[in-house]
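A.B. asks: My structure is below; once you've seen it, I'll send some questions.
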Amino acid sequence: MVLQFPRLKTVLMICVFVIVTSRKDVVAKKTPYCKRVTDGSSLKENTLKDLKDLGYWVGVVIQVENWTRYPLLYPTVRLSGGTMATVPTTLLPCKREAFMVRKASFAGKGSYGTVSWEVYGANRLFVIMWSAPYNFDFYSNWLGLGMTKKGHTTVASGETWFDQMYDGNSDSNFEFHRKEYDDTEDPLTWWDSEFHIRSVMTTEHNAQVNVTFK
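Under mature numbering (1 follows the signal peptide of the UniProt record, and there is no 0), read the sequence shown as residues -28 to -1, 1 to 186, first letter to last.
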């Protein structure tokens, strides 16, 4: 009996197809817990337009939608530059919330920092990094997002996460992606076996960040 084996090229193509298909399946299986999200308390007081119309030269409005069954608790901001215009809040399941950061008055630099929430019940932290410079001649808007590994729920001190997410690499306890928003507004994504996060940042000085957490 003669056994016929597929050619090497065929085998490689099958392997690539299986890998790509599996990768797509992982993302596709992240069916949102919520059928829709509604405005939370922060957006009942101020709409996104209200926040953007506060009149600051450099500001960032950050809106997050929580499509999971996990409450996002204990929001913690670490500012590397700028100040708060409004503060972040708890994100309950199926809710969206927003807050605004801006450059400090009479300061020659923009707004930079991180915000994190504990994903309550998952034993992890969800982290967003933003950088909105005062001068676009030498710098651009940057956005980063990621999560700590399970069991790591201590917020990094000072500018640790900002420095790492802006100019460093993921490590064994914290994984993230970042993207420059200079002249395009393509989405930034991060995912693993538990969560899928997608975000977009606009390219102007008065920027807006929209994040979906699924």
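Beta carbons: idealized from backbone N, C-alpha and C, even for Gly. All values derive from a computational prediction rather than experimental measurement.
Looking only at its own chain, which residues have a Cβ that is under 7 Å from the Cβ of proline 4, when we skip the five neighbours before and after it?
C.D. replies: The count along the sequence shown starts at 1 and reaches residue 4 at position 32. Within the same chain, and ignoring the five residues on either side of proline 4 in sequence, the residues whose Cβ sits closer than 7 Å to its Cβ are Trp39 and Lys186.
A.B. asks: Do you know how far the Cα of proline 65 is from the Cα of arginine 41?
C.D. replies: To locate residue 41, count along the sequence shown from 1; it is residue 69. To locate residue 65, count along the sequence shown from 1; it is residue 93. Their Cα atoms are separated by approximately 5 Å.
A.B. asks: Taking the C-alpha atoms as reference points, what is the distance between glutamate 152 and aspartate 109?
C.D. replies: Sequence index remark: in the sequence shown, residue 152 carries index 180 (1-based). Sequence index remark: in the sequence shown, residue 109 carries index 137 (1-based). If you take the alpha carbons of glutamate 152 and aspartate 109, they lie about 14 Å apart.
A.B. asks: For valine 181, count neighbouring Cβ atoms within 10 angstroms of its own Cβ and tell me buried if that reaches 16, exposed if not.
C.D. replies: Counting from 1 along the sequence shown, the entry for residue 181 is found at position 209. So valine 181 ends up on the buried side.
A.B. asks: Pick out whichever of Ala70, Asp158 and Trp162 has its Cα sitting closest to the Cα of phenylalanine 146.
C.D. replies: Counting from 1 along the sequence shown, the entry for residue 146 is found at position 174. The option with the nearest alpha carbon to phenylalanine 146 is Trp162.
A.B. asks: If you follow the alpha helix (DSSP H) that phenylalanine 134 is in, where does it begin and where does it stop?
C.D. replies: On the sequence shown, position 162 is the one that residue 134 refers to. Counting along the chain, the alpha helix (DSSP H) containing phenylalanine 134 begins and ends at 132 to 139.
A.B. asks: So, at 8 Å on beta carbons, what are the nonlocal neighbours of glycine 12 in its own chain, with the 5 sequence-adjacent residues on each side left out?
C.D. replies: Indexing the sequence shown from 1 puts residue 12 at position 40. Excluding sequence neighbours, glycine 12 sits near Thr61, Leu63, Leu64, Lys67, Arg68 and Glu69.
A.B. asks: Can you find the residues in the same chain that come closer than 8 Å, C-beta to C-beta, to methionine 119, ignoring five residues on each side of it along the sequence?
C.D. replies: What you label residue 119 is simply residue 147 of the sequence shown in a count that begins at 1. Result list for methionine 119: Val91, Arg96, Leu97, Phe98, Val99, Phe146, Glu147, Phe148, Trp162, Asp164, Phe167 and Ile169, in chain order.
A.B. asks: Considering only residues of the segment 66 to 151, which uninterrupted beta strand (DSSP E) runs meet the minimum length of 3 residues and lie entirely inside it, listed in chain order?
C.D. replies: 67 to 74, 83 to 91, 96 to 104 and 113 to 120
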